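In this note's numbering, the protein residues as written are 667 to 1086. Quick reminder that beta carbons are idealized off the backbone N, C-alpha and C, glycines included. Small disclaimer: the values here were computed from a predicted structure and weren't measured. A short write-up of the structure that comes next.
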Amino acid sequence: MSGAPQYKTLKGMQDILPPDTFLWQSVEQAAHRIFSAFGFQEIRVPVLETTSIFSRSIGEQTDIVEKEMYTFTDKGGRSVSLRPEGTAAVVRSFVEHNLHSLPSPQKFYYSGPMFRYERPQSGRFRQFFQIGVEAFSDPHPRMDAEVISMLGRFLMAIGLEQVSFQINSIGCEQCRPAYKDALLLFFADKKEHLCPDCVRRFDRNPLRILDCKVSRCIEARTGAPRITDHLCQDCRMHFGKLQELLVLLDVSFTVNPEMVRGLDYYTRTTFEVTSKGLGSQNAVAAGGRYNRLVKEFGGPDTPAIGFAVGMERIAELLKRSVSLTWPVPAAFLAALGDTAGNEVLRIADVLRRQNLWVEVGDCHSSLKSQLRRADRLAARFVFILGDEELRSGTLKWKNLADASQGEVKIAELQDFLTGG
RNA sequence: GUGGGUGUAGCUCAGCCGGUUAGAGCACCAGGUUGUGGCCCUGGUGGCCGCGGGUUCGAAUCCCGUCACUCACCCCA
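See below:
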């Protein structure tokens, strides 16, 4: 064998291999099933977009835009970027194709790879997969509740129940500025008690001080004003109604006024689903309402709400509770000699047309080695075709699990396999 | 971008106070007489001991550098 491989995946990128891919498929199928029941339809958007689509929506000042995007100039001299998240591109598509003219509300889901140039760590990759949803045109908290409960149903469907929902409202353009001022006022004389990161946050994004993990910052922020106490009338009613509906829909949650989201475009409702035991990257899904983004993209004034779930993190959690299973062949056809080898190919073709997984042995290998291969694949049945069987038009069958065996006519093989 | 940890066979690891041809388990392949897998036995394939330099008679082992992986910070799904 060769030594160190010449080519490897880039840092932060990974191959998803069997049997993991089977797990991924089942998660994707569950998403399609659950989301469809809520009226969400799939949308597929490019992974590459004009850079400004992301910088404008996510926020020029955010880390994502400032230092984490895969941005380059294409051969036409345009600045393009691999998408660091899905919402911006879906909003672009919504506006570009006038999707507001579809029956309202317009509900979409998508899945695919996202890219951020970050230092990888547990649960964090440079290419990572998200399944996301976006619902447009409904400003009512009913839609917030629908989207959040759908996320809950999805996580339940895939068997992920040891998670906690946290919700918050970060207000709107009416009430958030005043809250920000209150926060700045509160921290103004406590600046020297804050960690260096938070001193920086004080100027750039004071809300972030609220979820700093440094103990002296936690101390410094006791008694800090809470966003939930500074919401305007409309935002407060919206948030209250949402909680009422979540209770009605049997979604258990906690209100976390200190939860801050990283993207600039959120208004009012934000939420996050976390799981213990994922290391520090413990969010498996997150989202929120963004009522101004469509308009900012040149579309009609359209409210919207969405979320994204992190596939790698979900898969990681599921791998601990579900044992990964490989699919097994329905039949392994062992043949002895050329004539039998040909016949077995013909039989395999007939069975495969019925979508049965059939493997064929090497007719020039010993029966022993063919059986060993069948055993390794854990085939449900082995069928043996040699000179004797060719003469009588039969096959010897063997059940590898209990070593039982018998005979079956070639013509009746299909019934044998599909009948029971 | 910052800090810690780790790099020996496909996988999990031993060897590491320097000393003969670098090991184990698992996995893989082949045999253990005629057309029967698993279990067992035997044999085999497979390592520039991450890479480069230094110290030394001699380096997987000590030193320096570098790269990769990993965890954490930052940030986030």
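Do residue i and residue j have their C-beta atoms within less than 8 angstroms of each other?
i	j	result
Ala-981	Val-693	yes
Val-713	Gly-778	yes
Ile-824	Ala-696	yes
Ser-723	Leu-873	no
Asp-869	Met-925	no
Gln-772	Phe-802	yes
Ala-997	Leu-1083	yes
Gly-1027	Arg-1039	yes
Phe-688	Leu-990	yes
Gln-796	Val-975	yes
Phe-701	Tyr-775	yes
Lys-1064	Val-1048	yes
Pro-786	Lys-677	yes
Ser-1035	Leu-915	no
Thinking C-alpha only, which one of the options is nearest residue i?
i	options	result
Val-756	Gly-1027, Phe-973, Leu-876 and Asp-855	Phe-973
Gly-945	Ser-1032, Arg-790, Leu-984 and Gly-837	Arg-790
Val-829	Cys-838, Ser-770, Met-903 and Gly-818	Gly-818
Trp-690	Pro-966, Ser-1032 and Leu-983	Leu-983
Glu-1055	Ala-696, Leu-714 and Ile-1076	Ile-1076
Gln-947	Pro-966, Thr-1084 and Met-977	Met-977
Thr-1060	Arg-1046, Thr-991, Ala-952 and Gln-1080	Gln-1080
Thr-920	Thr-716, Tyr-932 and Thr-936	Thr-936
Asn-1008	His-1030, Pro-995 and Ala-997	His-1030
Gly-953	Ser-918, Leu-1017 and Asn-834	Asn-834
Gly-742	Thr-716, Ser-721, Gln-727 and Phe-720	Thr-716
Leu-929	Asp-916, Gly-943, Arg-955 and Phe-831	Arg-955
Gly-709	Leu-676, Thr-753 and Phe-688	Note on residue identity: the sequence assigns Ile, not Gly, to residue 709. Comparing Cα-Cα distances from Ile-709 to each of Leu-676, Thr-753 and Phe-688, the minimum goes to Thr-753.
Thr-888	Lys-942, Leu-914, Leu-860 and Leu-1051	Leu-860
Leu-999	Ala-1045, Ser-881 and Arg-882	Ala-1045
Pro-923	Ile-971, Asp-967 and Phe-831	Phe-831
Leu-850	Val-994, Arg-892, Ile-814 and Met-816	Arg-892
Ala-1001	Ser-1032, Ser-987 and Val-988	Ser-1032
Asn-764	Lys-677, Cys-864, Val-975 and Gly-965	Gly-965
Leu-912	Ala-1006, Val-813 and Leu-1043	Val-813
Asn-871	Glu-885, Asp-740 and Asp-729	Asp-729
Pro-995	Gln-787, Val-746, Asp-1041 and Arg-986	Asp-1041
Ser-1087	Val-711, Ser-745 and Lys-1034	With the chain covering 667 to 1086 only, the question about residue 1087 has no answer from this structure.
Leu-768	Ile-682, Gly-705 and Val-711	Gly-705
Arg-986	Asp-1068, Tyr-931, Asp-681 and Gly-943	Gly-943
Val-917	Arg-927, Phe-820 and Lys-879	Phe-820
Ala-1006	Arg-1019, Arg-882 and Ser-1058	Ser-1058
His-766	Gly-1085, Asp-967 and Ala-890	Asp-967
Arg-927	Gln-1071, Ile-836 and Arg-867	Ile-836
Spatial neighbours of residue i within its chain, please: CB distance less than 8 angstroms, with the 5 preceding and 5 following residues excluded, ordered by chain position.
i	result
Met-679	Phe-791, Arg-792 and Gln-793
Met-822	none
Cys-838	Cys-898, Asp-900, Cys-901, Thr-933, Arg-934 and Asn-957
Pro-684	Trp-992
Asn-1021	none
Lys-647	Shown here, the chain extends from 667 to 1086; a query on residue 647 therefore has no answer.
Val-865	Lys-857
Gln-707	Lys-773, Phe-774 and Tyr-775
Arg-699	Ala-823
Val-988	Leu-689 and Gly-825
Glu-885	His-859
Whose C-beta lies closer than 7 angstroms to the C-beta of residue i among residues of the same chain, with five residues either side of it excluded?
i	result
Phe-963	Val-757, Arg-758 and Val-761
Phe-781	Tyr-736, Leu-748, Arg-749, Pro-750, Arg-792 and Gln-793
Asp-847	none
Leu-826	Ile-980, Leu-983 and Leu-984
Ser-941	Gln-828, Val-829, Asn-948, Val-950 and Leu-983
Asp-1004	Cys-1029
Glu-938	Gln-832, Met-925, Ala-949 and Ala-952
Gly-725	Val-731, Leu-929 and Asp-930
Sorted by chain position, which residues of the same chain lie with C-beta nearer than 6 angstroms to residue i's C-beta, five sequence neighbours on each side aside?
i	result
Leu-1017	Val-1024
Ser-668	Per-residue confidence for Ser-668 stands at a pLDDT of 42, beneath the threshold of 50, marking its modelled position as unreliable; no derived number is given.
Pro-969	Pro-805 and Asn-957
Ile-1050	Ala-1000 and Lys-1062
Inspect the CB distances between the region 897-913 and the region 806-820 and report whether three or more fall short of 8 angstroms. yes
Enumerate, from N- to C-terminal direction, the unbroken alpha helix (DSSP H) stretches of 4 or more residues contained entirely within the region 688-769. 717-724 and 753-762
Fully enclosed by the region 919-957, which beta strand (DSSP E) runs are 3 residues long or longer? Runs of the beta strand (DSSP E) lying entirely within the region 919-957, each at least 3 residues long, are 935-941 and 949-955 in chain order.
Using 8 angstroms as the Cβ pair cut-off and three pairs as the minimum, do the region 837-857 and the region 893-904 touch? yes
Contact the region 846-858 vs the region 1008-1027: 3+ CB pairs below 8 angstroms: no
Please go through the region 813-889 and give each complete beta strand (DSSP E) segment of 3 or more residues, from N-terminal end onward. 829-835
Considering only residues of the region 1006-1084, which uninterrupted beta strand (DSSP E) runs meet the minimum length of 3 residues and lie entirely inside it, listed in chain order? 1024-1026, 1047-1051, 1060-1065 and 1071-1075
Taking the runs of the beta strand (DSSP E) that are 3 residues or longer, which of them lie wholly in the region 766-802? Listed in chain order, they are 772-781 and 793-802.
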